[in-house]
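Here is the structure we will look at.
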Amino acid sequence: MTEGVEVHQAQTNIADAATTSVTRSRMSSLQAVETDPGSEELDQQEEASSSFHSTGGAEDSRGGPVAPDGGWGWVVVAATVLVLAMTLAFPSCIGIFYTDLQNDFQASNTETSWVPAIMMAVLHAGGPICSVLVECLGCRATIIIGGILSGLGMVASSFAQTLVELYITAGIITGMGFSLSFQPSITMVGHYFVRRRAFANALSSTGTALGLSTLPLLANYLLSSFGWRGSFLVLGGVLLNCCVCGAVMRPLGAKPKMEAKAGQMNKSQLKTNCLSITQEREGLKGRLRATLSTVMPFLRRHMAFDLLCSSPYFCAYALGVSWMMLGFVVPLVYLVPYATAYGMEQDRAALLMAILGLINITVRPATALVFGLPRFRGSHNFAYLFAAAVLINGLSNCICGMATSFPVLLAYVIVFGISMSLVGSLLFTVLMDTVEMSRFPSALGLISIMESIMFLLGPPLAGILVDSTSQYTYVFFACSINGSTAGLFIMLSFYWLDRQKCREVKSSFTHKDINSLKPSTKMTIDCDYSLVPLHGNTIRDSETDV
3 MTEGVEVHQA
13 QTNIADAATT
23 SVTRSRMSSL
33 QAVETDPGSE
43 ELDQQEEASS
53 SFHSTGGAED
63 SRGGPVAPDG
73 GWGWVVVAAT
83 VLVLAMTLAF
93 PSCIGIFYTD
103 LQNDFQASNT
113 ETSWVPAIMM
123 AVLHAGGPIC
133 SVLVECLGCR
143 ATIIIGGILS
153 GLGMVASSFA
163 QTLVELYITA
173 GIITGMGFSL
183 SFQPSITMVG
193 HYFVRRRAFA
203 NALSSTGTAL
213 GLSTLPLLAN
223 YLLSSFGWRG
233 SFLVLGGVLL
243 NCCVCGAVMR
253 PLGAKPKMEA
263 KAGQMNKSQL
273 KTNCLSITQE
283 REGLKGRLRA
293 TLSTVMPFLR
303 RHMAFDLLCS
313 SPYFCAYALG
323 VSWMMLGFVV
333 PLVYLVPYAT
343 AYGMEQDRAA
353 LLMAILGLIN
363 ITVRPATALV
373 FGLPRFRGSH
383 NFAYLFAAAV
393 LINGLSNCIC
403 GMATSFPVLL
413 AYVIVFGISM
423 SLVGSLLFTV
433 LMDTVEMSRF
443 PSALGLISIM
453 ESIMFLLGPP
463 LAGILVDSTS
473 QYTYVFFACS
483 INGSTAGLFI
493 MLSFYWLDRQ
503 KCREVKSSFT
513 HKDINSLKPS
523 TKMTIDCDYS
533 LVPLHGNTIR
543 DSETDV
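If you're matching positions, the sequence shown starts at 3 in our numbering and goes up one per residue.
Below you can see the structure in the form of structure tokens.
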């Protein structure tokens with residue numbers, strides 16, 4: 003009994019000492035905020051870390067989230083597969099309704115192509131908004147909100163009377179719902195897996211293949227049965243299943259305690275008071291400095307603009323991927339109109355899209371198994387495989403421009419589908435290897451914004467090319483040039499950066515070896531001179547004196 007009381011008293015003393023140290027550290031940080039405005043960025047980073055752990059939860063001894071590499075993580079992967087099937091693959095099925103929308107609204111190719119362009123642009127441009135919501139609400143709530151938005155957007159688009167209304171409902175609202183759904187799903191997979199991250203990412207990317215193989219057939223069936231308005235209404239109900247997928251995105255750790263929340267609120271209030279006092283002292287200059295100290299950490303946390311300057315690998319990857327996206331999805335939008343414009347039946351054209359999805363379903367799990375092998379774990383060659391896949395994907399568009407027969411288009415779909423599967427399997431893996439996992443959401447948000455600009459320009463530019471030339475062939479040739487140049491740029495950039503890094507490592511080792519040899523040389527010289535006899539003494543006497 004006495005030993006239990008002593009143990010309890012010892013635990014109480016340890017807890018009091020920890021509380022005192024935490025209080026002192028908080029007071030010292032608040033004093034640093036008042037004296038040094040530059041410390042604001044560090045405090046913002048601490049709040050971001052604490053808020054991330056409140057949503058992600060579990061921490062190990064080093065303060066990072068625990069990645070189980072299995073368990074409930076496989077449920078998260080399955081949910082991510084369904085989310086990607088309903089979000090990233092959805093704009094491709096708009097090609098099934100392309101001709102009907104064009105005839106119903108009496109619009110040109112350029113005007114009609116803005117519908118999938120706006121949808122894909124908003125899907126990727128919503129990265130910063132998604133990052134803010136993930137930090138405030140968590141991944142699970144953000145995915146549920148995205149599912150509600152996407153479903154309501156498609157339901158509202160079924161009542162659209164003009165193309166402008168369709169731009170708002172199907173383009174902006176549905177696209178924003180897609181953005182809020184797919185990005186947190188990818189982030190959750192990255193948190194649940196570390197050793198098997200390449201395998202998990204490749205496996206989750208099969209969701210896009212699943213959507214490509216099923217959504218065109220479903221859209222074609224709905225179009226023949228209910229028309230495009232009824233099809234949009236039914237598809238809106240299908241998209242609400244993203245809410246179910248978001249519900250199983252369980253955070254890694256337990257919910258944050260109320261005491262921790264109260265401590266963070268008190269810290270933020272004290273920090274606000276200190277900033278207000280500083281602003282009153284310094285006037286307009288202090289306000290501008292405080293505003294910049296707030297805006298810069300926000301941009302760094304949610305958009306990762308600093309990585310463009312600090313990380314050459316990320317800069318090269320972001321530029322290459324963004325340039326690739328200008329023509330990457332254009333063939334998915336124009337393949338069905340291209341085939342039907344030259345006499346192919348609508349069912350056979352939709353079958354080509356379904357075959358494309360089936361190839362993705364077959365290839366992506368195979369690549370997931372290969373990349374999940376122990377010899378590939380931690381490999382730094384994924385970037386070169388990704389660049390080679392982008393190069394082949396771009397060159398495959400030349401096949402589609404040669405002829406319009408079903409066998410030729412089938413060969414094109416096979417080559418395009420295999421290369422597309424490799425690109426989709428490695429897209430997020432290379433990004434996770436390029437930046438730290440703590441910066442992955444913000445890096446993904448920045449790349450998404452850059453991609454959204456290209457997604458917004460790609461289909462309308464292709465529509466302008468079709469309207470001016472009355473030929474779909476030139477669209478696929480332009481996509482071939484775009485994809486091949488993007489693949490070469492990524493490959494050559496990473497090769498040059500790797501060479502530069504190897505040179506720096508060799509030079510640093512050379513300097514270390516030279517510096518390590520200097521002390522030993524000095525000791526040898528001293529020893530040699532210490533053995534020289536002085537004033538006629540013998541060598542034995544000098545050694546004795548030493």
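Each residue gets a CB set at the ideal place from its N, CA and C atoms; glycine is no exception. On a predicted model such as this, the values are computed, not experimentally measured, just so you know.
### Query
Which whole-angstrom value describes the C-beta separation of alanine 389 and isoleucine 492, a residue pair presumed to lie in contact below a C-beta threshold of 8 angstroms?
About 4 angstroms; that satisfies the 8 angstroms criterion.
### Task
Scan the segment 160-244 and note each continuous alpha helix (DSSP H) run of 4 residues or more that stays entirely inside, going in chain order.
165-168, 176-194, 199-206, 208-241
### Task
Can you give me the start and stop residues for the alpha helix (DSSP H) that threonine 114 sits inside?
Where threonine 114 is concerned, the enclosing alpha helix (DSSP H) stretches over 111-127.
### Three-state secondary structure assigned by DSSP to phenylalanine 307
coil
### Through-space distance from leucine 225 to valine 432, alpha-carbon basis
38 angstroms
### Query
How many Å lie between alanine 320 and leucine 448 at the Cα?
Each residue's Cα considered, the two are about 8 angstroms apart.
### 7 angstroms CB neighbourhood of isoleucine 1 in its chain, flanking five on each side removed
Coverage of the chain is limited to positions 3 through 548, which leaves residue 1 absent and any answer about it impossible.
### Task
Could you tell me whether the Cβ atoms of arginine 350 and serine 207 are closer together than 8 angstroms?
no
#### Entry: Selection from Ser160, Phe201, Cys245, Ile170 that minimises the alpha carbon distance to glycine 426
Phe201
### Message
Suppose you measure from the CA of alanine 341 to the CA of leucine 310; what does that come to, to the nearest Å?
### Response
41 angstroms
### Span separating the alpha-carbon of isoleucine 455 from that of proline 130
14 angstroms
### Query
Can the beta-carbon of phenylalanine 307 be found less than 8 angstroms from the beta-carbon of glycine 403?
no
### Query
Where does glycine 73 sit, in a helix, a strand or coil, going by DSSP?
coil
### Message
Can you check which of these residues, Cys138, Ile394, Leu459, Leu429, is closest to tyrosine 414 by C-alpha distance?
### Response
The candidate whose alpha carbon is nearest that of tyrosine 414 is Ile394.
### Task
Counting only runs of 4+ residues fully inside the segment 390-460, write out the alpha helix (DSSP H) ranges in chain order.
408-436
### Task
Grab me the residues of leucine 358's own chain with a C-beta within less than 6 angstroms of its C-beta, minus the 5 sequence neighbours each way, in chain order.
Leu214, Val415, Gly419
### Task
Within 10 angstroms of the Cβ of methionine 178, are there 16 or more other Cβ atoms? Answer buried if so, exposed if not.
buried
#### Entry: Exposure label - asparagine 111; buried when at least 16 CB within 10 Å
It is buried - the Cβ of asparagine 111 has at least 16 other Cβ atoms within 10 Å.
### Query
Okay, do the segment 138-148 and the segment 462-473 touch, 3+ Cβ pairs below 8 angstroms being the bar?
no
### Query
Does DSSP put tyrosine 474 in a helix, in a strand, or in coil?
coil
### Task
Go ahead and pull the three-state DSSP assignment for serine 313.
coil
### Query
With a CB to CB cut of under 7 angstroms and the five nearest residues on each side skipped, what residues in its chain are close to threonine 475?
These residues qualify, in order along the chain: Gly403.
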